[in-house]
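The block underneath contains the structure these notes are about, expressed in structure tokens.
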Amino acid sequence: MEATATAPASSSAPATPRILEREPLVLNHRSYSWITNRICGIVENKQPGLWWALFIPSVILAGVMVFCFTYLIAAGVGVWGQKQPVAWAWDITNFVFWIGIGHAGTLISAILFLTRQKWRTSVNRAAEAMTIFAVMCAGVYPMFHVGRVWMVWFLAPIPNANAIWQNFKSPLLWDVFAVSTYFSVSVVFWYIGLVPDLATLRDRCKPGLKKLLYGMFALGWRGANRHWSHYETAYMLLAALSTPLVLSVHSVVSFDFATSVVPGWHTTIFPPYFVAGAIFGGFAMVLTLMIPCRKIYGLQDLITPKHIDNMAKIILLTGTIVGYAYCMELFMAYYSASPYEGAAFKLRTLDGPSVWYYYAMFFCNVISPQLFWFRWARHNMWTVMAVSMCVNAGMWYERYVIIVTTLEVHMTPGAWRTFHATWVDNWTFIGTFGFFMMNFLLFLRFLPVIAIGEVKGVLPESNPHHDPHGEKGVQEEDLMGYPDRHVPKAANA
Amino acid sequence: MSTTLKRVHGYLAEFESVHDLYHAAEHVRDAGYSRWDCHSPFPIHGLDVAMGVKRSKLPWIVFFGGAAGTTTAFLLQWITQNIIYPTVVQAKPTVGVWSLPAWFPVMFELTVLFSAFTTLFGLLALIGLPRLNHPIFASKRFAKFSDDTFFVCIEARDPKFSQEGTKSFLEKIGGKNVELVEDDI
Numbered sequence: 001m002e003a004t005a006t007a008p009a010s011s012s013a014p015a016t017p018r019i020l021e022r023e024p025l026v027l028n029h030r031s032y033s034w035i036t037n038r039i040c041g042i043v044e045n046k047q048p049g050l051w052w053a054l055f056i057p058s059v060i061l062a063g064v065m066v067f068c069f070t071y072l073i074a075a076g077v078g079v080w081g082q083k084q085p086v087a088w089a090w091d092i093t094n095f096v097f098w099i100g101i102g103h104a105g106t107l108i109s110a111i112l113f114l115t116r117q118k119w120r121t122s123v124n125r126a127a128e129a130m131t132i133f134a135v136m137c138a139g140v141y142p143m144f145h146v147g148r149v150w151m152v153w154f155l156a157p158i159p160n161a162n163a164i165w166q167n168f169k170s171p172l173l174w175d176v177f178a179v180s181t182y183f184s185v186s187v188v189f190w191y192i193g194l195v196p197d198l199a200t201l202r203d204r205c206k207p208g209l210k211k212l213l214y215g216m217f218a219l220g221w222r223g224a225n226r227h228w229s230h231y232e233t234a235y236m237l238l239a240a241l242s243t244p245l246v247l248s249v250h251s252v253v254s255f256d257f258a259t260s261v262v263p264g265w266h267t268t269i270f271p272p273y274f275v276a277g278a279i280f281g282g283f284a285m286v287l288t289l290m291i292p293c294r295k296i297y298g299l300q301d302l303i304t305p306k307h308i309d310n311m312a313k314i315i316l317l318t319g320t321i322v323g324y325a326y327c328m329e330l331f332m333a334y335y336s337a338s339p340y341e342g343a344a345f346k347l348r349t350l351d352g353p354s355v356w357y358y359y360a361m362f363f364c365n366v367i368s369p370q371l372f373w374f375r376w377a378r379h380n381m382w383t384v385m386a387v388s389m390c391v392n393a394g395m396w397y398e399r400y401v402i403i404v405t406t407l408e409v410h411m412t413p414g415a416w417r418t419f420h421a422t423w424v425d426n427w428t429f430i431g432t433f434g435f436f437m438m439n440f441l442l443f444l445r446f447l448p449v450i451a452i453g454e455v456k457g458v459l460p461e462s463n464p465h466h467d468p469h470g471e472k473g474v475q476e477e478d479l480m481g482y483p484d485r486h487v488p489k490a491a492n493a
Numbered sequence: 001m002s003t004t005l006k007r008v009h010g011y012l013a014e015f016e017s018v019h020d021l022y023h024a025a026e027h028v029r030d031a032g033y034s035r036w037d038c039h040s041p042f043p044i045h046g047l048d049v050a051m052g053v054k055r056s057k058l059p060w061i062v063f064f065g066g067a068a069g070t071t072t073a074f075l076l077q078w079i080t081q082n083i084i085y086p087t088v089v090q091a092k093p094t095v096g097v098w099s100l101p102a103w104f105p106v107m108f109e110l111t112v113l114f115s116a117f118t119t120l121f122g123l124l125a126l127i128g129l130p131r132l133n134h135p136i137f138a139s140k141r142f143a144k145f146s147d148d149t150f151f152v153c154i155e156a157r158d159p160k161f162s163q164e165g166t167k168s169f170l171e172k173i174g175g176k177n178v179e180l181v182e183d184d185i
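If you read the protein sequences in the order shown, they are chains C and S.
Just so you know, the first sequence maps onto residues 1 to 493 in the working numbering.
Just so you know, the second sequence maps onto residues 1 to 185 in the working numbering.
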């Protein structure tokens, strides 16, 4: 699966290689129209057989999810396996799992934008789409976990018949605000980014329903610089808003646990540990989706080994932070000298009923990403895929360990009870994967998977100070700064 | 029923590269035109300066949107928690300003939420979109703005616009396929 066909040979450095030359973000000197054709071609041409081979089972599984929830409404929330003391089980595990996956999308679109990481342009669109679909999958769990889903509107602070108002001191209510804000802002951010690309699709369509729809959603975009000027400000503002937002969302999710008095949950390390874990798990999901995508749709020149390499490095970094958090939890259990905290971690790691989950988590999240210290591992798509799969699984184990294995052995030994998932638990979870994949495949089918305009903007010739007749490749450092902030050399002297 | 009457929108000139567009924009700016614009498939850094476009006012609008969010969240929590429905839970102070720290998360979230929607609607208001059509789309060549071609359009309502002078000016600064864009009335 190595992108041999597009090996960066033709993009090699000028005759005198400089130290730390930046790798080009688009290989083989692709032109603007090549980029347009390649990305719009995915939407305009027939989908490959593999698309259908994935789409049909995804739709069926999404149907299974709908069936499971319907059954749950009919029979009651007891069809899930949770019972005291494990009142939060797979539903909350899966909620945290899915919401965490979303975080990579926002990290790529917002934080990497603010830090001027231009490589983000090739992956941000798909990652943002992934965020939205993952948050949708996450949202359904607490909604059904309340038991009577038709009463879920009681979460909203609007007057109701019983004249009851929410408890705003509760992290669970903060969560309602955090997750719904996160979803809304992610959709706005995604949509604003899509507008210029929808205009591209509109301009390529023959008159008809398609052109009408793309045109409607493109809002009449005409690429005017007086518009771009406001647009870029808006994009920057949304990035600046999303950055603290994404950090707050998983912090608030962690407050659900950290503000309780349950041993194993009541720790101050939770917010940063959850945020690092979310980014870690999210990047694994981005890689899981994008590596097959670039192969199937021939996007190797746009999503290059450099992109994969960067994301693998982020997985290594965040995985190591997560590993540090695991060790620190154990250390604090010992150092706090709290017998309950100590017992909780002893049961989690040595003699509890679900010890193997802990070691599966530890292996997947801490050991497996260490492969990414090696360049060959980051550049071999099979290793990257394998580690990403490990991390996907590992992050689910992590949430299971935090939630279920803690509650199973909570305080009073007489009340201890091991959790067993029911078929409804299993199929609801599998069903959400179907729902997620279905949405992602429809996104691939109808919307540009890569931000066309943004990728064009990172080509060297998109810098106004690039001399079209000059030497190629030397303008890379000009891209790092704003031309309008350039001070002429003479003025410096 | 279509009429044969047309209204001149302006002159549209093509440029092949960002480099050419950038320098053309500087020339148009220096020639003193005011009703004109550049059209490009992606935002070009520095083109605002080359065109003499001022910085966007959007951040100010968003500031007030965000402030409205903070205020909404504060009042929502103050009124419900202190006046309508005081709840004694978690041994937290119930009445007065002392429960303020517990309100920060919701205040933060609503600030972000209101700011984001203000950004969206503020942007649309500032750029005058969505609109169903625009005279510039009458040009067949213009569709390539979203692919790989760069355009400068000088509108007929510009005080300095003239049928002959503007055309030759655009050609002089390197514009290709200079076209008079006319729209059906």
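Here a beta-carbon is modelled for each residue, glycine too, at the ideal position from N, C-alpha and C.
Own chain residues within Cβ distance below 7 Å of residue i, not counting five before or after
i	result
G174 (chain S)	F15, D20 and A24
A156 (chain S)	V8, H9 and G10
M1 (chain S)	Caution is warranted here: a pLDDT of 48 is assigned to M1 (chain S), below 50, making its placement in the model unreliable, and the coordinate value is therefore given only provisionally. Hits under 7 Å: none found.
S115 (chain S)	V62, G65, G66 and G69
Simplified DSSP state of residue i, which is helix, strand or coil
i	result
A224 (chain C)	strand
T6 (chain C)	The pLDDT assigned to T6 (chain C) is 44, lower than 50, so where the model puts this residue is not dependable, and the model offers no usable value.
N439 (chain C)	helix
C40 (chain C)	helix
A451 (chain C)	coil
H466 (chain C)	coil
Candidates the options: closest to residue i by CA position
i	options	result
I60 (chain C)	C:M437, C:G41, C:F283 and C:G298	C:M437
R378 (chain C)	C:F177, C:L172, C:C137 and C:T304	C:T304
I92 (chain C)	C:L112, C:H145 and C:F55	C:H145
P157 (chain C)	C:F97, C:T288, C:R148 and C:N167	C:N167
C364 (chain C)	C:R399, C:F331 and C:A337	C:R399
T121 (chain C)	C:L238, C:G193 and C:W396	C:G193
V181 (chain S)	S:R131, S:Q163 and S:L12	S:L12
I99 (chain C)	C:I132, C:V458, C:I164 and C:W90	C:I132
L172 (chain C)	C:W88, C:S229, C:L198 and C:T320	C:W88
is_contact[residue i, chain C] using C-beta, thresh 7 Å
i	result
Y33 (chain S)	no
D158 (chain S)	no
S56 (chain S)	yes
H27 (chain S)	no
L120 (chain S)	yes
F145 (chain S)	yes
N177 (chain S)	no
H9 (chain S)	no
E182 (chain S)	no
I173 (chain S)	no
V152 (chain S)	no
Q163 (chain S)	no
E155 (chain S)	no
L126 (chain S)	yes
D190 (chain S)	The shown model of chain S, from 1 to 185, leaves out residue 190 (chain S), and the question about it has no answer.
6 Å Cβ shell around residue i - same chain, five flanking residues per side excluded
i	result
I39 (chain C)	P448, I450 and I452
Cutoff 7 Å: residue i Cβ touching any chain S Cβ
i	result
F113 (chain C)	no
T268 (chain C)	no
E529 (chain C)	Absent from the structure is residue 529 (chain C), since the part of chain C shown begins at 1 and ends at 493.
A234 (chain C)	yes
N225 (chain C)	yes
K456 (chain C)	yes
R38 (chain C)	no
H230 (chain C)	yes
H466 (chain C)	yes
W150 (chain C)	no
W376 (chain C)	no
D203 (chain C)	yes
K210 (chain C)	no
T418 (chain C)	no
S462 (chain C)	yes
Beta-carbon separation (whole angstroms), residue i vs residue j, contact threshold 8 Å
i	j	result
F283 (chain C)	A104 (chain C)	5 Å
P464 (chain C)	I44 (chain S)	6 Å
F95 (chain C)	Y141 (chain C)	4 Å
F435 (chain C)	A62 (chain C)	4 Å
Residue i beta carbon near the ligand COA (any heavy atom closer than 6 Å)
i	result
G122 (chain S)	By its list of ligands, the structure shown contains no ligand whatsoever, and the ligand COA lies outside what it can speak to.
Same chain, Cβ closer than 8 Å to residue i, neighbours up to 5 away in sequence not counted
i	result
L287 (chain C)	I308, M311, A312, I315, V384, M385 and S388
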